[in-house]
Amino acid sequence: MSSNTSPVILGKNDFRLLKQFASNFSDSPAASEMSLAYELNRAIVVEDDQLPEDSIRLNSQVRVLELTTNREMEFSIVMPNLADITQQRISILTPMGAALIGLCKGETVEWKMPAGIRKLKILDVRSA
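For the sequence shown, the numbering used here gives the first residue as -5, with consecutive numbering after it.
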């Protein structure tokens, strides 16, 4: 999914919820790089109270800079049933949501989109 080599750090509660959810959408255990399952397979799971304060988790408010266009965006990463682009809530199942989950403020991530590669720098993370 991304060329980011930073570890994905998830709390146990998010990991359990996302792992169960992702298993319903994955055709095979060998998840493609464009999937939430891929990110979960490479995750470091910690106790929820041990998560870095600036790590992206479910319901985090995230501000990023798209490096190719120099455009800032702000949104929350949520479960699919809560996604609403008009409310700046994107699904964890989107390529952007899956690419960002578990990363921290200051990190940069690249991911594939139909129109090409996008590169984002994480400027700020606020937990819900």
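For glycine and all other residues, C-beta sits at the position ideal for the given N, C-alpha and C.
Other residues of its chain near Thr102: CB distance less than 6 Å, five sequence neighbours each side excluded: Lys115
Reduced DSSP secondary structure (H/G/I, E/B, other) of Lys187: With the chain represented from -5 up to 122, any question about residue 187 goes unanswered, as that position is not in the structure.
Residues near Pro46 in its chain [Cβ-Cβ closer than 7 Å; skip 5 each side]: Ile3, Cys98
C-alpha gap between Val56 and Asn35, whole angstroms: 23 Å
Residue burial classification, Arg65 (beta-carbon count within 10 angstroms, cutoff 16): exposed
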